[in-house]
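Student: Attaching a single structure in structure tokens format; questions to follow.
In the working numbering, the protein residues as written are 1 to 305.
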């Protein structure tokens, strides 16, 4: 993967590279000339610094989810599909279970991972969490002959990102997305003007894509919080109620670590070495929003749990 930074963000990226290397992450800072050697098709006239993660990759979300569900069943879990959770049940300040279509399931612990629908379950309990369902569009482009592949790219100068896809395709999208929709009913395709905008930007970064072919696109919905960071950990108002939602589009890659942390917090009462308090749901009403966190934002004073 390549992170690209314009001059005004180069120092931030360099600081985050140094932080990552201190933590043992294999990542290299690259000057524009080195980027050109790595990816000759890429235009780098607006790039001051890049970070190369040679061991980064991506996973098929559907296949990964199915694999995890299969392994969970093998370990004794019961996975219920196509069963709507209608309400979280509480009594005496404690969670007692959930009501689903067709009955109730008793449980002393409930972890809300409902994403876009988390607020619907929590609002009746007096937990008002501002999670906005925002439509995000992605576009497909077929690369021309001779342009075999490229790294995944986070293109901060153009506020876009992309990665290769099977079939000699590149999937490309804009970082910004502001359209709030009904998550149960929205346009799942890509708007023509969005496809056109993406086509212009990918050709600006890869001029060879002027000979590429637009292949349409699709849209999904992110569960976006005001600070683009998740709600994690215990919900103090009810014993046994925990949260893991509001990832704002960047939760998949964090899932293995966060899952282990949250499991320990649920089972043991706390996660050793990790402070989940900054991710409490009440930070929004308290005005304690978390600062921006990305490869080209200023490094934080310390690693965050």
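Glycine included, every Cβ here is placed at the ideal spot set by N, Cα and C. In this text the structure is predicted, and so the values were computed from the model without any measurement.
#1: CA-CA distance, residue 347 and residue 71?
#2: In chain order, what residues of the same chain lie with their CB nearer than 6 Å to the CB of residue 303, ignoring the 5 residues before and after it?
#3: Can you find a heavy atom of the ligand MG that lies under 7 Å from the Cβ of residue 125?
#4: Taking only three categories from DSSP, how would you classify residue 62?
#5: Please say whether residue 130 and residue 150 have beta carbons closer to each other than 8 Å?
#6: Could you tell me whether the segment 118-129 touches the segment 191-207, where touching means 3 or more Cβ pairs closer than 8 Å?
#7: Cα separation between residue 271 and residue 264?
#8: Does the separation of the CB atoms of residue 168 and residue 143 fall below 8 Å?
#9: Residue range of the alpha helix (DSSP H) that residue 200 falls in?
#10: To the nearest angstrom, how far is it from the Cα of residue 109 to the Cα of residue 79?
#11: Sort 62, 181, 162 and 147 by Cα distance to residue 209 and report the nearest one.
#12: Judging by CA-CA distance, which residue of 32, 154, 61 and 31 is the nearest neighbour of residue 251?
#13: Mark residue 159 as exposed unless 16 or more other C-beta atoms lie within 10 angstroms of its C-beta, in which case mark it buried.
#14: To which residues does DSSP link residue 157 through a beta bridge?
#15: Determine, using beta-carbon pairs with one atom in the segment 39-49 and one in the segment 76-95, whether at least three such pairs fall under 8 Å.
#16: Kindly indicate which residue of 103, 48, 220 and 233 has the alpha-carbon position closest to the one of residue 186.
#17: Keeping to the same chain, check which residues put their C-beta closer than 6 Å to that of residue 139; ignore five residues upstream and five downstream.
#18: My parser needs the alpha helix (DSSP H) runs of 4 or more residues fully inside the segment 19-78; what are they?
#19: Run through the segment 221-301 for me and flag every whole beta strand (DSSP E) of 3 or more residues, listed as ranges in chain order.
#20: Under 8 Å between the Cβ atoms of residue 20 and residue 48?
#21: Is it the case that the Cβ atoms of residue 242 and residue 35 are separated by a distance below 8 Å?
#22: Relative to the C-alpha of residue 5, which candidate in 157, 226, 254 and 239 has its C-alpha closest?
#23: Can you tell me the Cα-Cα spacing of residue 170 and residue 135, whole angstroms?
Tutor: Walking through what the data contain:
#1: Absent from the model: residue 347. The displayed extent of the chain is 1 to 305, so no value can be given.
#2: Taking the first residue of the chain shown as position 1, residue 303 is located at position 303. Because residue 303 carries a pLDDT of 45, less than 50, the predicted location of this residue cannot be relied on, and the following value inherits that uncertainty. Answer for residue 303: no residue qualifies.
#3: Looking at this structure, you won't find the ligand MG or any other ligand, since it has none at all.
#4: Within the chain shown, residue 62 is the residue found at index 62, counting from 1. In the structure shown, residue 62 sits in a helix (DSSP, three-state: H, G or I).
#5: For the purposes of this step, residue 150 is taken as the residue at position 150 of the chain shown. For the purposes of this step, residue 130 is taken as the residue at position 130 of the chain shown. Not closer than 8 Å, so no.
#6: no
#7: In the chain shown, the residue the question calls residue 271 occupies position 271. In the chain shown, the residue the question calls residue 264 occupies position 264. For residue 271 and residue 264, the distance between alpha carbons rounds to 5 Å.
#8: On the chain shown, position 168 is the one that residue 168 refers to. On the chain shown, position 143 is the one that residue 143 refers to. Cβ distance < 8 Å, so residue 168 and residue 143 count as in contact.
#9: The residue labelled residue 200 in the question sits at position 200 within the chain shown. Run containing residue 200: 192-205, per the alpha helix (DSSP H) assignment.
#10: Along the chain shown, one-based indexing puts residue 109 at 109. Along the chain shown, one-based indexing puts residue 79 at 79. Distance between the alpha carbons of residue 109 and residue 79: 16 Å.
#11: Start at 1 with the first residue of the chain shown, and residue 209 comes out as number 209. Ranking the options by Cα distance to residue 209, first place goes to 147.
#12: Residue mapping note: residue 251 aligns to position 251 of the chain shown, counting from 1. Ranking 32, 154, 61 and 31 by CA distance to the CA of residue 251 puts 61 first.
#13: Within the chain shown, numbered from 1, the residue matching residue 159 stands at position 159. It is exposed - the Cβ of residue 159 has fewer than 16 other Cβ atoms within 10 Å.
#14: Mapped onto the chain shown, residue 157 falls at position 157. According to DSSP, residue 157 bridges with nothing at all.
#15: no
#16: Here residue 186 is taken as the residue at index 186 of the chain shown, counted from 1. With distances taken between Cα atoms, residue 186 lies closest to 220.
#17: Working through the chain shown from its first residue, we reach residue 139 at position 139. Short of 6 Å from the beta carbon of residue 139, and not among the five residues preceding or following it, lie these beta carbons of its own chain, in chain order: 172, 190, 195, 198 and 217.
#18: 32-38 and 61-74
#19: 231-234 and 241-245
#20: Translated into positions along the chain shown, residue 20 becomes position 20. Translated into positions along the chain shown, residue 48 becomes position 48. No; because the gap between Cβ atoms is not below 8 Å, this pair is not in contact.
#21: One-based indexing of the chain shown puts residue 242 at position 242. One-based indexing of the chain shown puts residue 35 at position 35. No.
#22: Position 5 of the chain shown, counted from the start, is the residue given in the question as residue 5. Measuring from the Cα of residue 5, the nearest candidate turns out to be 157.
#23: The sequence position of residue 170 within the chain shown is 170, counting from 1. The sequence position of residue 135 within the chain shown is 135, counting from 1. Approximately 20 Å between the Cα atoms of the pair.
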